[in-house]
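Numbering (my numbering), first residue to last: 356 to 727.
For glycine and all other residues, C-beta sits at the position ideal for the given N, C-alpha and C.
Structure, rendered in C-alpha cells:
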C-alpha cells in the first residue's frame, strides 16, 4: 500500500545505536525475542530494553548509561509517571523497579548502583509490566498465562487474573486506570475490570496478539488498538461500557475494525496523544502511521533500511510517540534505535517525517562483553 503523502518519501539516515550485533530475522520468521523503546514523561530520555540490560539514553546530552540488573533478556522497560523509576520485565521470571533519579549524575562503578526492588511471583518469562496512571498499581503479564496486579506501595500481589490459555504478551491500563487490556499467544485480547479482576470482554485475532493499548481518550466510549502475527492492526470500539464504574451494557461491547498496512506480523502500536493517529511497527521492517477514524494510511516507510551494511530493512520491534506527539521512536531487532520528528496538517491528510539527526556511538565489543 502506498503512502498518500505528496512528494518523495523521507530519506532516513543512521541515527541509531547498535548495542549488540545480531543477525536480523527474515521478515517471514517468527521473532523469538522482542525489545521495547519508551519515552520518559518529560520526553528527555529513552529507555531501550535490549538483551539482559536497559540502555538509558539522555537525548539532550546524547549520553547513554546501561543498567544491568537482570540475568536474562529484558522484554520491557517503562518509566513511572514521575519519571524517577524504570519498571522492567524479564526472561528471568522477575520484574524490577529501578530508581533512576539522578542516575546520569552518578558514577558507573559498583558502589553507585541504583536502588531497586524485585517483584517475583511469576513462574515463567515476564513479557510486559506497566504502572497504573496514578502509580499505585503495577500489572505484569507472563508466559505462565497469568496477569498479576501488584501494590506499588507494599510490593505484594493483590490479584491474579486468569483467562488466557497461553502466554500473555502485553498488558496496559486505560487512562483512568479502571480497566486493563491484555493480549496473548492464545490469539485473544481481554478487557478486565481492575477493581475486582472480572474479565468483561474478549476479542479475537487469527494469530497471537503482540500488543494491545487503550486510546488516551475516553470520550464517546473506549477504543483499543491491537497488533498480531496475522499482520493486522485492529481498533476495538467499546460503546456500552460505563467508564466510571467499568460496567458492561447489554450488547456486545467489542466491535472490531481492521487495517492491513503491513506485509507480516505487526509487533507494536502506539497512539498519538490526541488519539487520532496510530503508529505501528512490523517484522517486515516498516513503520506505518494511519488515521484512526477512517483507517487511511498517512505514511509507511522502511525505518532502518540502509542503516546497516546490507540493504535489508531490519524488523522493527517497538515504536512509541513522545508525550507531545511531535516525535516517534523505534527500535529494531538488531538493537538500532531511531527518532523521527513528525509534522502534520490540521486535517491529518499529510504526515511529514524527518530524521532528527541524533547520533549515538556504537559500543565496542569489549564493553558489551564486560556487561554480560
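Whole-angstrom C-beta distance between residue j and residue i, which should lie under 8 Å
i, j, result
"residue 502", "residue 537", "5 Å"
"residue 673", "residue 626", "Their Cβ separation, rounded to whole angstroms, is 14 Å, which puts residue 673 and residue 626 out of contact at 8 Å."
"residue 692", "residue 401", "7 Å"
"residue 451", "residue 477", "The Cβ separation is near 13 Å, so there is no contact."
"residue 407", "residue 423", "7 Å"
"residue 526", "residue 481", "Not confirmed; about 10 Å, so no contact."
"residue 539", "residue 564", "6 Å"
"residue 592", "residue 578", "6 Å"
"residue 640", "residue 671", "6 Å"
Residue(s) in a DSSP beta bridge with residue i
i, result
"residue 400", "413"
"residue 428", "DSSP, once it has assigned bridges, lists no residue as partnering residue 428."
"residue 454", "440"
"residue 638", "Looking at the DSSP assignment, residue 638 forms no beta bridge with any residue, so it has no partner."
"residue 624", "635"
"residue 418", "413"
"residue 546", "536 and 556"
"residue 675", "684"
"residue 478", "The partner list for residue 478 (beta bridge, DSSP) is empty, contrary to what the question assumes."
"residue 644", "634 and 654"
"residue 516", "502"
"residue 486", "493"
"residue 522", "None, per the DSSP bridge assignment."
"residue 471", "453"
"residue 310", "The chain is shown only over 356 to 727; residue 310 falls outside these bounds and no answer can be derived."
Buried or exposed by the 16-neighbour rule on C-beta atoms within 10 Å, applied to residue i
i, result
"residue 513", "exposed"
"residue 509", "exposed"
"residue 615", "exposed"
"residue 437", "exposed"
"residue 550", "exposed"
"residue 666", "For residue 666, the pLDDT reaches just 49, beneath the cut-off of 50, and the residue's location in the model is therefore unreliable, leaving the point undetermined."
"residue 472", "exposed"
"residue 623", "buried"
"residue 542", "buried"
"residue 397", "exposed"
"residue 487", "buried"
"residue 688", "buried"
"residue 444", "buried"
"residue 654", "buried"
"residue 456", "exposed"
"residue 559", "exposed"
"residue 475", "exposed"
"residue 648", "exposed"
"residue 521", "exposed"
"residue 600", "The predicted position of residue 600 is uncertain, since its pLDDT is 45 and thus under 50; no value can be drawn from it."
"residue 500", "buried"
"residue 417", "exposed"
"residue 405", "buried"
"residue 524", "buried"
"residue 679", "exposed"
"residue 479", "exposed"
"residue 515", "exposed"
"residue 427", "exposed"
"residue 721", "Its pLDDT being 25, under 50, residue 721 is placed unreliably in this model, and the coordinates cannot settle the point."
"residue 646", "buried"
"residue 511", "exposed"
"residue 698", "exposed"
"residue 465", "Note on residue 465: pLDDT 46, under 50, position unreliable in the model; the coordinate value appears next. Per the 10 Å Cβ criterion, exposed."
Closest Cα partner of residue i within the set the options
i, options, result
"residue 656", "688, 635, 650 and 648", "635"
"residue 580", "479, 395, 642 and 630", "630"
"residue 442", "479, 393, 420 and 694", "393"
"residue 686", "417, 430, 489 and 516", "430"
"residue 675", "587, 619, 553 and 433", "433"
"residue 454", "446, 447, 448 and 470", "470"
"residue 619", "592, 590 and 585", "585"
"residue 507", "490, 682 and 519", "490"
"residue 557", "528, 628 and 547", "547"
"residue 529", "564, 539, 545 and 698", "545"
"residue 448", "395, 412, 411 and 498", "498"
"residue 562", "651, 504 and 587", "587"
"residue 651", "637, 632, 534 and 440", "632"
"residue 555", "572, 566, 573 and 535", "535"
"residue 533", "519, 553 and 518", "553"
"residue 399", "681, 412 and 420", "412"
"residue 531", "573, 638, 658 and 682", "573"
"residue 519", "496, 505 and 504", "496"
"residue 643", "628, 683 and 505", "683"
beta-carbon residue i near the ligand FAD non-hydrogen atom, thresh 7 Å
i, result
"residue 396", "Because no ligand of any kind appears in the structure shown, any question about the ligand FAD cannot be addressed here."
Any chance you could list the beta strand (DSSP E) runs of at least 3 consecutive residues sitting entirely within the region 557-589, in chain order?
564-569 and 577-583
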